[in-house]
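Under my numbering, read the sequence shown as residues 1 to 89, first letter to last.
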Amino acid sequence: MVSGWITPLVLFGIFINSDKVKRGVAKALPILLVVPWIVFGWPDSGWGATGIHPRVGHYIWTVGCLLIFTPEYATILAATKKGKDSDTE
């Protein structure tokens, strides 16, 4: 069910012209992408039906979602690194 919210969230992040919104979506996306992988990796968890396995399209979809927000991830990592550099000075 969580993976059903990822595509609309990605589309929302693409079409809204706000850095704050894009950064928020970029931070939420990896967390939301973990849930389907838990279902695939741990079918006896009760979160999904047993025997569900990802197909090639799911891998492409996952990589595509992450690639869309690569510039945001670079910005977040640069800000984090800059914050760490200023702490050491």
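For every residue, glycine included, the Cβ atom is placed at its ideal position computed from N, Cα and C.
Here's a check: name, in chain order, each residue in its chain whose Cβ is nearer than 6 Å to the Cβ of Gly13, leaving out the five neighbours to either side. Lys22, Val25
Going straight from the alpha carbon of Asp19 to that of Glu72, what length do you get? 8 Å
Below-8 Å beta-carbon distance, Ile68 vs any chain C residue: No chain C is present in this structure, which holds just one protein chain.
Could you say which of Gly57, Trp37, Gly83, Leu33 lies nearest to Ile6 if we only look at CA atoms? Leu33
Which of the three DSSP states is assigned to Ser18 in this structure? coil
Rounded to whole angstroms, what is the Cα-Cα separation between Thr62 and Thr80? 24 Å
Return the Cβ separation of Leu11 and Cys65 in integer angstroms, given the expectation that the two are a contact with Cβ distance under 8 Å. Their Cβ separation, rounded to whole angstroms, is 10 Å, which puts Leu11 and Cys65 out of contact at 8 Å.
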